[in-house]
């Protein structure tokens with residue numbers, strides 16, 4: 001999508017093609033290089049198909065925007081520096097100036113590869129700052145991005161937008177109306193999907209409600225076909241209004257329960273795990289007689305781009321100030337970083353159980369009863385490693401959503417996918 005947006009911007013602004021001497025037309029060399037920088041290993045043909053710059057002399061440029069080796073790049077640094085300002089004015093735990101002053105381009109030697117290539121390496125003395133980058137990512141994914149309340153809000157917004165698509169076309173561009181789901185293929189619509197999308201939905205909903213009210217009047221002058229259509233859509237329009245009121249009142253779906261994945265589930269690929277959880281969701285809905293019960297997987301890891309269980313610093317090269325200019329560096333953390341930071345597992349997978357219904361979330365008695373039923377059903381088939389606990393904390397208080405934050409155990413970071 002990023003490359004499609006870039007091509008769209010260039011098409012809409014032809015003067016950018018020759019700006020600064022760059023050849024940014026689709027298929028041109030500079031455009032191809034930007035595409036390789038942004039897509040990383042998602043590039044068609046993989047990283048082996050990169051042709052933007054000679055890898056033997058300038059391959060380190062591919063580590064700046066989307067680092068497919070370790071995940072340490074400017075994209076990550078950007079949001080880790082920006083987001084703390086929106087979260088109670090917290091300061092990031094790492095110092096960006098110290099990090100940037102401690103890097104340089106060195107010749108890297110990698111196991112199993114005969115030829116050396118230039119890489120971005122960091123001074124051994126800033127290894128702790130590099131570790132703090134991934135630790136900060138862990139903290140923010142764990143405490144903010146995938147907090148149970150944030151996920152609950154995300155699910156409400158998802159249901160709201162899907163409900164709009166079932167009724168009509170709330171977005172407009174080029175004199176035409178589009179469903180929200182069509183925005184991914186129409187870039188003129190996609191560029192309008194900003195933080196005000198809920199406001200656009202509300203304005204569109206007001207028009208739909210006026211049409212529905214007119215259709216419900218006995219003396220309505222609306223065409224019979226159109227009147228029948230609005231009367232049929234009436235329940236869906238009212239559901240959108242209910243979801244919108246719930247969203248505007250800072251409502252969120254309640255997290256009933258959270259558990260660690262079993263050893264068997266940990267070995268499953270992402271798609272197979274989702275299929276397994278979909279089966280579990282169907283079974284629980286039958287057993288609890290609650291069709292709104294929703295099962296959501298959660299992957300926490302330390303940010304390694306390919307092998308989620310690996311420590312990202314294992315792929316970063318470090319140098320000592322005593323090294324000569326032409327000294328070759330190899331990937332791996334310095335020994336002084338300590339075993340407590342470099343050993344162990346760096347991923348965990350969790351499963352959360354949500355009450356995905358507005359009326360259910362507002363009925364505390366029914367909500368607590370459902371939570372107890374979910375726990376009872378899970379306890380019947382719980383594996384020894386599948387530790388389960390009320391979402392949001394531990395202890396004897398099993399009421400849903402009574403604590404402020406979820407603190408899953410283990411070391412890891414939520415998968416940003």
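Numbering (UniProt numbering), first residue to last: 1 to 417.
We put the beta carbon where it would ideally sit given N, CA and C, even for glycine.
Note that the coordinates shown come from a computational prediction; the quantities given were computed from them, not determined experimentally.
Short Cβ contact (9 Å threshold) for residue 47 with residue 317: No; because the gap between Cβ atoms is not below 9 Å, this pair is not in contact.
Classification of residue 199 by the beta-carbon crowding that lies within 10 angstroms, buried from 16 upward: Classification for residue 199: exposed.
Sequence-distant residues of the same chain with beta carbon closer than 7 Å to residue 52, five excluded per side: Within the same chain, residue 52 has close Cβ partners 32, 33 and 36.
Every unbroken beta strand (DSSP E) within the region 181 to 249, with a cutoff of 3 residues, ordered by chain: Qualifying beta strand (DSSP E) stretches: none in this window.
Collapsed DSSP secondary structure at residue 354 in the structure displayed: Correct three-state label for residue 354: strand.
Closest residue to residue 70 among 110, 334, 311 and 42 (Cα-Cα distance): Among 110, 334, 311 and 42, the Cα nearest to that of residue 70 is on 311.
Presumed contact (8 Å Cβ cut-off) between residue 122 and residue 259, rounded CB distance: Contact flag wrong, Cβ pair sits at about 38 Å.
Burial state of residue 252 (16 or more Cβ within 10 Å): Burial call: buried.
Per-residue DSSP class, three states only, for residue 73: Of the three classes helix, strand and coil, the one that applies to residue 73 here is coil, per DSSP.
Which residues DSSP lists as bridging residue 121, in chain order: Bridge partners of residue 121: 104 and 317.
Residue burial classification, residue 261 (beta-carbon count within 10 angstroms, cutoff 16): A buried status is given to residue 261, since no fewer than 16 other beta-carbon atoms sit within 10 Å of its beta-carbon.
Member of 54, 39, 280 and 57 whose CA lies at the smallest distance from the CA of residue 65: Relative to residue 65, the option among 54, 39, 280 and 57 whose CA is nearest is 39.
Within 9 Å, strictly: CB atoms of residue 163 and residue 189: No Cβ-Cβ contact shorter than 9 Å links residue 163 with residue 189.
Burial state of residue 226 (16 or more Cβ within 10 Å): Classification of residue 226: exposed, given that the 10 Å Cβ count is below 16.
Residue 158 classed as buried or exposed, judged by whether at least 16 other C-beta atoms fall within 10 angstroms: Exposed.
Three-state class that DSSP yields for residue 142 in the structure shown: Correct three-state label for residue 142: helix.
Beta-carbon separation (whole angstroms), residue 433 vs residue 4, contact threshold 8 Å: A query on residue 433 cannot be resolved here, the shown segment of the chain reaching from 1 to 417 and no further.
Proximity of residue 265 and residue 276 at Cβ, strictly below 9 Å: A contact, by the Cβ cut-off of 9 Å.
Spatial neighbours of residue 14 in its chain, beta-carbon cut-off 7 Å, leaving aside the 5 residues before and after: Counting only Cβ-Cβ distances below 7 Å, and skipping sequence neighbours, we find nothing.
Residue 428 versus residue 304 - alpha carbon distance: Residue numbering for the chain in the displayed model covers 1 to 417; residue 428 lies beyond these limits and cannot be assessed.
Helix, strand or coil at residue 159 [DSSP, three-state]: Looking at residue 159 - three-state DSSP - the assignment turns out to be helix.
Three-state secondary structure assigned by DSSP to residue 87: Looking at residue 87 - three-state DSSP - the assignment turns out to be coil, as it is neither helix nor strand.
Which listed residue (336, 334, 362 and 375) has its alpha carbon closest to that of residue 352: Selected option, being the one with the closest Cα: 375.
As assigned by DSSP and simplified to three states, the class of residue 92: Residue state, collapsed to three classes: coil.
Through-space distance from residue 272 to residue 86, alpha-carbon basis: CA-to-CA, the gap between residue 86 and residue 272 works out to about 36 Å.
Buried versus exposed call for residue 124 [16 or more other C-beta atoms within 10 Å across all chains shown]: Counting every other CB atom within 10 Å of its CB across the protein chains shown gives residue 124 a total of 16 or more, marking it as buried.
Cα-Cα separation between residue 83 and residue 193, rounded to whole angstroms: Each residue's Cα considered, the two are about 20 Å apart.
DSSP-derived helix/strand/coil call for residue 135: Helix, per DSSP.
Counterpart residues of residue 178 in DSSP-defined beta bridges: BP columns for residue 178 point to 171.
Three-way DSSP call (helix, strand, coil) for residue 53 in this model: Residue 53 falls in the coil class under three-state DSSP.
Beta-carbon proximity list for residue 144, same chain, < 8 Å, skipping 5 on both sides: Excluding positions up to five away in sequence, the list reads 83, 87 and 150.
Contact set for residue 41: own chain, Cβ-Cβ below 7 Å, skip 5 residues either direction: 47 and 68.
N-terminal and C-terminal residue of the beta strand (DSSP E) that residue 255 is part of: Residue 255 -> beta strand (DSSP E) spans 254 to 260.
Burial state of residue 335, where buried means 16 or more other Cβ atoms lie within 10 Å: Classification of residue 335: exposed, given that the 10 Å Cβ count is below 16.
Beta-carbon separation (whole angstroms), residue 50 vs residue 62, contact threshold 8 Å: Separation of the CB atoms of residue 50 and residue 62 is rounded to 7 Å, and the pair is thereby assigned contact status at 8 Å.
Assigned secondary structure, residue 29 (DSSP; H/G/I helix, E/B strand, else coil): Correct three-state label for residue 29: helix.
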